[in-house]
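In our numbering, the protein residues as written are 16 to 1282.
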């Protein structure tokens, strides 16, 4: 083993960086970029490759690729050229066309995901040409909670090789609007329309082959270039624990563990070898999944290797592009080796094909074995050398499948592989391979079914029946949370076997069954946006790009955790309970405090003021109950913080928190109450608070049908891309606090009470937050109070950024809801009486009451005088739940629309006719005209007939279409401030307001109304960070009203200014704005005005109307669905900014789609703990889950007479209309159940309507799997 060099060298944006042994061994590239290189444009959230916020471009051996900087150890970056968002383009040097296009096309809202989106796109286009379909398929890596993806995909598809010329022209037009950075060639401006050209890194083509040996404080790191050197290290350090980077690791899926030795084997040429012979395809163990996928595609047209096209397709479903770029064959297989329960797609695909694996246990000492033997092999001091895929003649039929909770970037519920050798009559010539993952940790081959089928004809009905029976018996799924039920996974596995059989010779099976042989197919998505704009009133009503859009897409926009590092700064992490009830006997932090760099551990005993993060006495809006900062004696919920660990780095704080031991007494003496069903059944009156009681005014007498039912809708994690965070900095007589809050006043008051200091010593500053959706209304106070406590105790700057696990475990979420109802109707479905009782899961306090909102919104657009609604908050053993975008309204509309569907089924009426028959007189005119307009533009009647025809012709795929009307009665509350200041010397204007920019475009709308009110150009207006000095005692940003109320306050402030300027204006006829304000200033006119609006007194509530039509297609063998088309019309009045409002509509609707389909919170009912606390097991919609065809229009000629400049709110109402998705799914399931012979009038379909719920409700069973 030669002596190696002792440093890692690479470039970031062309600047050289050298890493020696002075950093922790597990330092990720993300931490290095942000903390050492101090480039804050690259973001982080999940630290496991599941969100895409951290993506950067890495040029490795001359090839540029996207990588998750959170998963890449910085020590393996030797020789790399890394590009971050700052290097792509910025204000000083000019922007990159990708940055400008995403900004201009409204592809950013909160902006936290934007740098990762841009870098992924940049990497995709570097030296490659991609089609629109390929581009759309390459964003499974990136989550965006705000936009609903449509504008992002639209922006990026303009760079595709097959983009229509109009889209390409749009990009050229955008280049003319922005200061675009010139590229190295000089001829093009940031983009050569076919290829991107950036300056080439000095490292390109540089081959460094000296071994690296770096002795770090906590481990030793090697980089080797030969197999001989690798085994020499094993020999030299026989007892050391080790991790191989480049293979045999499992970082990301399973959190990494500490080792003595880390060895980078990425650049061993032998392990990256690809060799194609007549009889085999050999891939080295370190071949990346991306290269493997390309290789499979390359050879899939060759005789004997046509099955590789199935492998290429399946690899595309593994994780996402950046993960596949960095992940290797050996790495993936070693996850399976170490964790047998892991449903490795790669293992399944290779095992199905009969792949051999070559293992090295010394240089030149190669052993060949089958993959099943590999699983049982002790791999210590051995490596995967290569995999060998065989030649398979045309007699072989190969298929593999992966069924996930969403379209991309998710682990399989179940995956399956089938390899059958068949003659022309479909007789099975040798023992087939029937393999499943996701059944239990020991199950792979369906051995009995394989044995049974030898020599049989697969398309024989009796053979099929026996095979399904045998398969059913040998599939014994386990139930390890958060996996779905064993019944679902068994049915799904059998459905995949049946799907494979149907696909072999579709022409030989019943025509109605043929659609079962294929997986749902998705086209390139498209969207249409239709709205009016009146140039006479611009800049109001002008479809304007958000003011901060380009700063967000360039990474220049600053978020809480982007504040620069401060001298002496410390980092925080919660220590939390793991059980839902019990008593805390003792907390032992001694192990954590022994670790170098761990500074302190604080509990409730260290709080100088009240041990509260919310005090009921503060009389904050909807927060009447105390909430504890740190648990004292009683455990109130699993995930409850008992204290805060303080350390020198974020990673160290989170590691140390895991070492603190909590001892309990009376642990789980009773079953934790987590679900509403259990809580209602417990009949403990102290757990209920009635907040809704709406008695009927009358009762109809024409009662022909009495309908009873229950309806439940689940909870939802807000999934802000920026987790709860806070930075606190001690000042001479106060503390500067930078929280990610939607409520500055609440944060200020809570910290002051906690620290026992005056309110005026807490300075709150919020520039923007990376997504809110209600998560940061009240839930941020616990983090901010803990952070402020640490800052106060140590008199040092403190930074607290929750990990995703902590964020999901400890913070409240959307209320889940349960309803019990009884309805009497006449033969036309007109409601004669309705009695409804519902409960909202409030968590451990009654704060932020929900039931009254659900009752308020459940009336929707219907005549409700004969309805009785009772609503209760139910106290459970969960974190105190909170408002989540469209709280109460989403659940309330879901409840009443479910009842309308039930009435339609019971009376055998068209659901739309039932709705029309029940409309209220006040709403009828608006709703009927909108239904008429949308039905016409969406071809509703024609498509309804087409759906019926499709369902009659297909047994295993079904379509559904549904229409839903909405009246969202917006109401006001609170106090909102705005300060407008004119700079006397140039006439520019600064605005500060009490709202918080969460991505909803509040700053842009306020700038527009200020420019309009003052009669000046929009470019003269700047909106500054919100703070509690300029806008004290201001109300929370939420409920869709803050943009309007803050805008109205700004208009009133502008009126004061215009009134002051009027006398000067009269004296200076024809003066420019600049001349006018300078003259006013010189005459001592105050050019600063402030106004506090009380919207309850000064503004008027109004209804927001909407109608949505949704069409879905479901697969009855897998439970998957695709939303084929959505037509949504919303009444936005005279929109202040149609561009921003369309973005709000699309984003809200897609968030609602997630709520009603894929987002499922799974609790361990024994302990009360949430078990899916990561991006790998909680799934909001991705880029390929949105409607394939998404059409949004605003109601025409409908100004709002009582709104701000005739506008209406748009942030939350569209989410309510997403209930059309489960309605359409029900419509499809009705056909499926009828085909199964079921005659039930009604069946429950609670939310979320997951793959499991669709499959199990469809009544698919082995008995109907016939040929």
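Backbone N, C-alpha and C fix where the C-beta goes; we use that ideal spot for every residue, glycine too. Since we're looking at a predicted model, the values are computed, not measured.
For this session: Look at the alpha carbon of residue 1149 and the alpha carbon of residue 547, and state the distance between them as a whole number of angstroms.
Result: 8 Å
Exercise. Which residue or residues does DSSP assign as beta-bridge partners of residue 934?
Worked result: 877
Problem set entry | Whether residue 974 touches residue 965 by CB criterion (9 Å) | yes
For this session: Look up residue 294 in the DSSP assignment and give the residues it is bridged to.
Result: Residue 294 is not bridged to any residue.
Problem set entry | Reduced DSSP category for residue 1257 - H, G, I as helix; E, B as strand; rest coil | coil
Problem set entry | Assigned secondary structure, residue 679 (DSSP; H/G/I helix, E/B strand, else coil) | strand
Exercise. Going by C-alpha distance, which of 1152, 230, 1267 and 169 is nearest residue 34?
Worked result: 230
For this session: Thinking residue 248 and residue 1195 are a contact (beta carbons under 8 Å), I'd like their distance in whole angstroms, please.
Result: Contact doesn't hold; Cβ gap of about 43 Å is too wide.
For this session: With residue 1007 as the anchor, note down where its beta strand (DSSP E) starts and where it stops.
Result: 1004-1008
For this session: Please list, in chain order, all residues of the same chain as residue 22 whose beta carbon is under 6 Å from its beta carbon, the five residues on each side excluded.
Result: 33 and 35
Problem set entry | Bridge partner(s) assigned by DSSP for residue 1120 | 982
For this session: Compute the Euclidean distance between the alpha carbons of residue 69 and residue 49, then round it to the nearest angstrom.
Result: 10 Å
Exercise. Do three or more CB pairs link the region 712-732 to the region 777-787 at distances below 8 Å?
Worked result: no
Problem set entry | The alpha helix (DSSP H) enclosing residue 352, as first and last residue numbers | 344-353
For this session: With a 10 Å radius around its C-beta and 16 neighbouring C-beta atoms as the bar for buried, classify residue 124 as buried or exposed.
Result: buried
Exercise. According to the neighbour-count rule (16 or more other Cβ atoms, all chains shown, within 10 Å of its Cβ), is residue 957 buried or exposed?
Worked result: exposed
Exercise. Of the choices 578, 968, 1233 and 63, whose alpha-carbon is the least far from that of residue 913?
Worked result: 1233
For this session: Whole angstroms is fine: what's the gap from residue 1097's alpha carbon to residue 997's?
Result: 13 Å
Exercise. What are the partner residues of residue 726, as DSSP defines its beta bridges?
Worked result: 834
For this session: Flag this pair as touching only if the region 676-692 and the region 595-614 have three or more C-beta atom pairs under 8 Å; answer yes or no.
Result: yes
Exercise. For the putative contact between residue 835 and residue 852, defined by C-beta atoms under 8 Å, what is the C-beta separation to the nearest angstrom?
Worked result: 5 Å
Problem set entry | Host alpha helix (DSSP H) of residue 1158 (start-end) | 1153-1171
Problem set entry | Beta-carbon contacts of residue 1278 that lie in its chain and below 8 Å, excluding the five residues immediately before and after | none
For this session: Could you tell me which of 427, 355 and 405 sits nearest to residue 392, measuring between CA atoms?
Result: 355
Exercise. Taking DSSP as the reference, what is the three-state secondary structure of residue 734?
Worked result: coil
For this session: Ignoring anything shorter than 3 residues or poking outside the region 603-662, list the beta strand (DSSP E) runs there in chain order.
Result: 613-617, 627-629 and 656-662
Exercise. What does a CB cutoff of less than 6 Å around residue 1114 pick up in its chain, not counting 5 residues either side in sequence?
Worked result: 987
For this session: Pick helix, strand or coil for residue 238, following the three-state DSSP scheme.
Result: strand
Exercise. Hey, out of 390, 146, 327 and 424, whose CA is closest to residue 1192's CA?
Worked result: 424
Exercise. Does the region 337-352 come close enough to the region 300-319 that 3 or more CB-CB pairs lie under 8 Å?
Worked result: yes
Exercise. Using DSSP with H/G/I as helix, E/B as strand and the rest coil, what is residue 105?
Worked result: strand
For this session: Check whether the region 43-59 touches the region 1175-1185, taking contact to mean three or more Cβ pairs, one atom from each stretch, closer than 8 Å.
Result: no
For this session: Have a look at residue 867 and residue 797 and give me their C-alpha separation to the nearest angstrom.
Result: 26 Å
For this session: For residue 1056, count neighbouring Cβ atoms within 10 angstroms of its own Cβ and tell me buried if that reaches 16, exposed if not.
Result: buried
Exercise. Does the separation of the CB atoms of residue 759 and residue 1017 fall below 9 Å?
Worked result: no
For this session: Could you give the DSSP three-state label for residue 1211: helix, strand or coil?
Result: coil
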